[in-house]
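Numbering (full-length UniProt numbering), first residue to last: 1 to 223.
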């Protein structure tokens, strides 16, 4: 073996280095105290079949766990979409879907037309709000039903600030309530009608009206 080469185990030669560098403390491959010496590369330890099998099993469990977590995370977050002319039935009436008004994480809101005009109503057009019946859904609609039902028995000055519930029901896929159809949302007014930001005075008035509605609802709940 040549004096200016270091040879690792396996017989593969490492490119020649100047003698000065090899014999110095800066040499990356040659040992100190004695000049160039051979070094042996450590072979990686082989895992036993049992350990490899255990690691494989753990990896599979992790993958399955991640898959289940992803399914749980998505469960209930893709509400059933109703199309125009679809029918939704309660025990009292049937409603034909006209168009979608909005959509959230667990349901959507549609404009619908009733087959039969409900008592004490001057129109057949209402809003239908849905909520998925999947296990991970948050049951917000049950709370809304309880509030709307209570509001039906309250005095006019409180009731006038909230949409009234007309009907409710369920299908194999979702729960739903039928509400009075109110005007366009603040977002639609801003983006599609005035096409600009609200002025500070308008924003202030909207905030005051919203707070007043909340105040009356809280007073009603506390009574």
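Glycine is no exception: its CB is placed at the ideal position from the N, C-alpha and C atoms. Note that the structure is predicted; figures quoted are calculated from it, not measured.
Distance, Cα to Cα, residue 126 vs residue 142? 19 Å
Roughly how many whole angstroms lie between the Cα atoms of residue 192 and residue 210? For residue 192 and residue 210, the distance between alpha carbons rounds to 22 Å.
Between residue 103 and residue 109, what straight-line distance do the alpha-carbon atoms span, to the nearest angstrom? 6 Å
From 177, 185, 167 and 208, pick the residue whose C-alpha is nearest to that of residue 227; which is it? With the chain running from 1 to 223 in the structure shown, residue 227 is simply not present.
Over the uninterrupted beta strand (DSSP E) stretch that includes residue 130, give me the two end residues. Residue 130 -> beta strand (DSSP E) spans 125-132.
Inter-stretch contact (C-beta, 8 Å, three-pair minimum) for the region 116-136 and the region 202-209: no
Helix, strand or coil, according to DSSP, for residue 206 in the structure here? Helix, per DSSP.
Beta-carbon within less than 8 Å of residue 112's beta-carbon, same chain only, minus the 5 sequence neighbours each way: which residues are those? For residue 112, where only same-chain residues beyond five positions count, the Cβ hits under 8 Å are 88, 95, 96, 97, 98, 125, 126, 127, 128 and 178.
Which residues mark the beginning and the end of the alpha helix (DSSP H) in which residue 140 is found? 140-151
For residue 179, the residue or residues it bridges with in DSSP: 127 and 165
Proximal residues to residue 216 (C-beta, below 8 Å), its chain only, five neighbours per side dropped: 157, 158 and 161
Would the beta-carbon of residue 168 fall within 8 Å of that of residue 147? no
Considering only their Cβ atoms, is the gap separating residue 189 from residue 180 smaller than 8 Å? no
Check whether residue 93 and residue 118 have beta carbons under 8 Å apart: In contact: residue 93 and residue 118 (Cβ atoms closer than 8 Å).
Assign residue 114 to one of two classes, buried (16 or more other C-beta atoms within 10 Å of its C-beta) or exposed (fewer than that). By the Cβ neighbour-count rule, residue 114 is buried, with 16 or more other Cβ atoms within 10 Å of its own.
Whole angstroms is fine: what's the gap from residue 175's alpha carbon to residue 122's? 25 Å
Mind checking whether residue 173 and residue 85 have CB atoms under 8 Å apart? No, these two residues do not count as a Cβ contact at 8 Å.
Tell me where the beta strand (DSSP E) around residue 111 begins and ends. 108-114
By the three-class DSSP mapping on this structure, what secondary structure does residue 199 have? coil
Using the rule of at least 16 other Cβ atoms within 10 Å of the residue's Cβ for burial, across every protein chain shown, is residue 183 buried or exposed? exposed
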